[in-house]
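Remarks on the structure that follows.
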Amino acid sequence: MGELAELKRVQEFVDQCMKCGFCTFFCPVYQEEKVETSVARGKNYLVKLVLKGEQGFTPELSKIIGKCLLCKRCVVNCPAKARIDRVVVAARAQLVEEKGLGLLKALLFRRIMADRKKFGRLLRIARSLQGLLPRTEGKIRHLPDFLKALGRGRNIPELSRVFLRERVKEVYSPEANTPKLKVGFFTGCAMEFVYPELGLKVIETLRKTGVEIHVPRSQNCCGAAIYASGDLETARILAYKNIEAMKDVDMVISGCATCSSTLKHYKEYLARDEKEGEEFERFSRKVKDLTEFLVDRVELDGLRLRGEFQGKVATWHDPCHLVRYQDIKDQPRRILRSLKGLNYVEMEGADLCCGMGGSFSVYHYELSKRIAERKMDSIKQANADIVVTACPGCMIQLLDNILRCGMPQRVHHIVELIDTD
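This is how it looks when you write it as structure tokens:
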């Protein structure tokens, strides 16, 4: 590629910024650090200097570009609608192009995560070693950065002993044997390896709608973390693998907000030309998040609440990849309000980012915790028994911080509340 090719692709977005500073009111990182380089305006200014040839990709600039959650709060509240999320990822991609991905990430993304079988084998090994991570600060400091945040007493769910694909069939035919719709269930990494019980609940819920469910073994990671790290080449490889895996279905459903968002945006994120864009667009039009699928196709009055949640007070946390990336806000609330016996309360700041941001919470764990404290305050004020969401990543972050703060609430995926018996 030509010089600064990735950044030149987003030149129009760089030029959109008016330097008004409105983003400072919404950026969760800036709210904690109060540093200009933490906010969209500052990052955009530095990228503009790079494009002008007045700034190089120094280690310091690399750190600045890395310190973004990609929550899109700046984007949706920007008067000019400047796509700083695209600018940040383009800058990361340019860094990968010029400096390389780094040995560890290259191995993880290109050799392991790009191959589902290898990924599964690695996680089986990790499962047996998970309890051996050191917890004392003296020992932790000798670990690679991505492992440090797995220590320090962090509340991280264990990898499942049995992965989802070992528990499910590839095809579930409807009882009536007259399928109206072939639906591909995109499991995602978290439901595959960490929360397989959620994947089973999604399948049970989908079966109640009378569709034929396909769970292709050949599906892979959606590529969200890889794209966000700037490795567009590997993300593109995964996109093609997933398109091939789901080629025979009419619709693709995901119970993970991050996955459904990424699958919907393959064209925007990864297309290099018009032909490729058309192929990605054809696939993305088939994708639905579970919450929007249920609202579109199910009589909500017919949904029943599982017995263990009867009388509970529930509040909803909006995943960034649902509310800002997909504009899905009302659907999950309609589902929760339809469940008789559940008392729903809206928390203040329901759409505030929880601070997870994928690998952001690994490389910037202390900052991630500070960002999460705002969400913890909202949960306390709501006085709810349970926090409901639709993103496994958010679930991990919320539960980690709820337990860290000694709060009584528990976190559930919205599909867990629906009775399928």
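First residue of the sequence shown? That's 198 in this note's numbering, and the numbers climb one at a time after it. Note that beta-carbon positions come from the ideal geometry of N, C-alpha and C, so glycine has one too.
Ser415 sits in coil when the DSSP states are folded into three classes, being neither helix nor strand.
The bridge partners DSSP lists for Val380 are Ile410 and Met448. The Cβ atoms of Cys268 and Cys602 lie no closer than 8 Å to each other.
The three-state secondary structure of Ile322, taken from DSSP, is helix. For Ile615, the closest of Phe557, Pro529 and Arg324 by C-alpha to C-alpha distance is Pro529. Taken through DSSP and simplified to helix, strand or coil, Val520 comes out as helix. The Cβ-Cβ distance between Cys550 and Leu266 falls below 8 Å.
Take the alpha-carbon of Ala432 and the one of Arg362: they are about 22 Å apart. Taking the C-beta atoms as reference points, Val247 is found nearer than 8 Å to Phe254. The DSSP-derived three-state label of Lys398 is helix. When secondary structure is reduced to three states using DSSP, Ala279 falls in the coil class, being assigned neither helix nor strand. Here Ile593 carries a helix assignment [DSSP, helix/strand/coil]. For Lys461, same chain residues with a beta-carbon under 7 Å away, outside a window of 5 residues either side, are Ser481, Val484 and Gln523 in chain order. Counting only runs that start and end inside the region 499-567, the alpha helix (DSSP H) elements of at least 4 residues fall at 517-520, 527-535 and 557-560. Under the DSSP assignment, Arg607 falls in the beta strand (DSSP E) whose first and last residues are Arg607 to His610.
Taking Val293 as the centre and dropping the five residues before and after it, the same chain places the C-beta of Gly427 and Asp428 closer than 7 Å to its C-beta, in chain order.
Beyond the five residues adjoining it in sequence on each side, Ala288 comes within less than 7 Å, by CB distance, of Leu204, Val244 and Ile262 in the same chain, given in chain order.
By the neighbour-count criterion, in which a residue is buried when 16 or more other Cβ atoms sit within 10 angstroms of its Cβ, Asn352 is exposed. Val542 and Gln291 have their C-alpha atoms roughly 44 Å apart.
For Thr586, the three-state secondary structure derived from DSSP is strand. Contact annotation: Val446 and Lys366 have beta-carbon atoms that are not nearer than 8 Å. Boundaries of the beta strand (DSSP E) around Val484: Val484 to Asp486. Gly299 has its alpha-carbon roughly 45 Å from the corresponding atom of Asn580. Among the bridge pairs identified by DSSP, Tyr369 is matched with Ile410. Minimum Cα-Cα distance from Met544 among the listed residues Pro354, Leu258, His514 and Met553 corresponds to His514.
Distances from the alpha-carbon of Leu600 to those of Asp618, Arg503, Glu473 and Ala569 put Ala569 closest. Annotated three-state conformation of Ile262 is helix, per DSSP. Under the criterion of beta carbons closer than 8 Å, Thr488 and Ile611 qualify as touching, at roughly 7 Å. Its chain contains Leu356 and Phe390 as the residues whose beta carbon lies nearer than 7 Å to that of Leu320, once the 5 sequence neighbours on both sides are disregarded; these appear in chain order.
Taking 8 Å as the cut-off, the beta carbon of Cys224 is found closer than this to the beta carbon of Arg270.
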